[in-house]
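Student: With our numbering, letter number 194 in the sequence shown gets 1351, and the count goes up by one each step, no holes.
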Amino acid sequence: MAGEMDLLDSMLDLTRRLPPMSIEENVSSLVELCPDYADDLLGSVDQPLKLRTDHTTGRDYLICDYNRDGESYRSPWSNEYHPPLHDATYPSARLRKLEIAANDAFDTYREMYFEGGVSSVFLWDLDDGGFAGVVLLKKTLNPATNASGSWDSIHVFEASERGRMAHYKLTMSNDKSNSTMGTVDLSGSMTRQVELDSSLTDSSSHITNTGRMIEDQEIKMRNLLQEVYFGKTKDVVHDLRSVDSLEKARKQREVQKELAGLLRK
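(1) Relative to the alpha-carbon of R1253, which residue among L1280, E1268, A1417 and P1177 has its alpha-carbon at the smallest distance?
(2) Which of the three DSSP states, helix, strand or coil, is assigned to A1159?
(3) Could you check whether L1190 and L1293 sit closer than 8 Å to each other, using their CB atoms as the reference points?
(4) L1242 and D1226: beta carbons closer than 8 Å?
(5) Using the C-alpha atoms, what's the distance from E1415 back to L1298?
(6) Can you tell me whether D1203 is buried or exposed, with buried defined as 16 or more other CB within 10 angstroms of its CB?
(7) Report the residue from Y1223, T1213 and R1251 whose alpha carbon sits nearest the alpha carbon of D1359.
(8) Using the C-alpha atoms, what's the distance from V1385 back to E1411?
(9) Scan the stretch 1223-1255 and note each continuous beta strand (DSSP E) run of 3 residues or more that stays entirely inside, going in chain order.
(10) Taking buried to mean at least 16 other C-beta atoms within 10 Å of its own C-beta, is T1213 buried or exposed?
(11) Since L1283 and Y1325 should fall inside the 8 Å C-beta cutoff, what is the C-beta to C-beta distance between them, to a whole number of angstroms?
(12) With a CB to CB cut of under 7 Å and the five nearest residues on each side skipped, what residues in its chain are close to T1246?
(13) Quick one: measure Cβ to Cβ for L1175 and V1188, integer angstroms, because I've assumed they're closer than 8 Å.
(14) Which of helix, strand or coil does DSSP assign to T1214?
(15) If we call anything under 8 Å between Cβ atoms a contact, is Y1378 one with L1327?
(16) With a threshold of 8 Å on Cβ separation, who are the neighbours of A1159 within its own chain once the five nearest residues in sequence on each side are excluded?
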């Protein structure tokens, strides 16, 4: 048993060190090498979100392990599985009503922040009387432009009601920004976790509370990308490539030396 866990840990450790932009190819290769660990590996490694189209409503939605049952995926718009299932699991009537409202709310959030892309929200009941859910967000740049890239967010949360209060646990994972321009690639993934106690006025308060948590975490994530990753990349590029000519730079150094000498005198 210990040997099996060591092998799985080694596979997970390898996926963290390989290029994030090739995560699908890397996981597929590892599954081919160790097919007995396919379920454990696929359940532990987040991969880029994929789109499906709801044939009933004609609207796109995102698929992941949280809306999958066997080989079928449930649409948040029609609450139907594609392909159809006879013994599928569905949220309760109360939770389905909240799920519909949450999809409308985060669809507005997606349009305001990303100006495009696709969002999906899925909720499910828990045995202790609470519920859990996942908010999926994906934005992909137009391939016709000179640059290509995508942003994938998976927000998994758990809500437990305590009278007029609710306790939330939010895990934000696989927030990945892939950017390709020319021969420069920038990609990566991060995971963050936060807990919060908030008041409840009605069932819609869950949408407000979780929405605020997700908004705050995404803002922090984007700021971190802007300040650290993109900022560091700009510094490296500016150090590698000089806009001014070498002759101009030589003259500037000579002037600096001359000024330094005069100051010393």
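All C-beta atoms, glycine included, are put in the ideal place defined by N, C-alpha and C.
Everything numeric in this text was worked out from a predicted model, so none of it was measured.
Tutor: Here's the rundown:
(1) By 1-based counting over the sequence shown, the position of residue 1253 is 96. Cα-wise, what sits closest to R1253 is L1280.
(2) Stepping through the sequence shown from its first residue, residue 1159 is reached at position 2. Only weak support is given to the placement of A1159: the predicted model assigns it a pLDDT of 48, under 50, and the value that follows is read from those uncertain coordinates. Under the three-state reduction of DSSP output, A1159 falls in the helix class.
(3) Locating residue 1293 in the sequence shown gives position 136, counting from the first residue. Locating residue 1190 in the sequence shown gives position 33, counting from the first residue. No, these two residues do not count as a Cβ contact at 8 Å.
(4) In the sequence shown, the residue the question calls residue 1242 occupies position 85. In the sequence shown, the residue the question calls residue 1226 occupies position 69. Yes; because the gap between Cβ atoms is below 8 Å, this pair is in contact.
(5) Working through the sequence shown from its first residue, we reach residue 1298 at position 141. Working through the sequence shown from its first residue, we reach residue 1415 at position 258. Their backbone Cα atoms lie some 51 Å apart in a straight line.
(6) Stepping through the sequence shown from its first residue, residue 1203 is reached at position 46. Around the beta carbon of D1203, 16 or more other beta carbons lie within 10 angstroms, which makes this residue buried.
(7) What you label residue 1359 is simply residue 202 of the sequence shown in a count that begins at 1. Taking only the C-alpha atoms, the option nearest D1359 is R1251.
(8) The residue given as residue 1411 occupies position 254 in the sequence shown. The residue given as residue 1385 occupies position 228 in the sequence shown. Take the alpha-carbon of E1411 and the one of V1385: they are about 34 Å apart.
(9) Fully enclosed beta strand (DSSP E) runs of 3 or longer: 1229-1231.
(10) In the sequence shown, counting from the first residue as 1, residue 1213 sits at position 56. When all chains shown are included, T1213 counts as exposed.
(11) Counting from one through the sequence shown, the residue named residue 1283 turns up at place 126. Counting from one through the sequence shown, the residue named residue 1325 turns up at place 168. Not a contact, Cβ separation roughly 13 Å.
(12) Within the sequence shown, the letter at position 89 stands for residue 1246. Taken in chain order, the residues that qualify are D1226.
(13) Within the sequence shown, the letter at position 18 stands for residue 1175. Within the sequence shown, the letter at position 31 stands for residue 1188. Actually they do not touch by this definition, with Cβ atoms about 14 Å apart.
(14) Counting from one through the sequence shown, the residue named residue 1214 turns up at place 57. Secondary structure of T1214 (DSSP, three-state): coil.
(15) Numbered from 1 along the sequence shown, position 221 holds the residue referred to as residue 1378. Numbered from 1 along the sequence shown, position 170 holds the residue referred to as residue 1327. In the sequence as presented, Tyr is not what sits at residue 1378; that position holds Met. Inclusion of M1378 and L1327 in the CB contact set at 8 Å is not warranted, their separation being larger than that value.
(16) Here the question's residue 1159 lines up with position 2 in the sequence shown. Unreliable positioning characterises A1159 in this predicted model, as indicated by a pLDDT of 48, which lies under 50. The coordinate reading is nonetheless provided below. Excluding positions up to five away in sequence, the list is empty.
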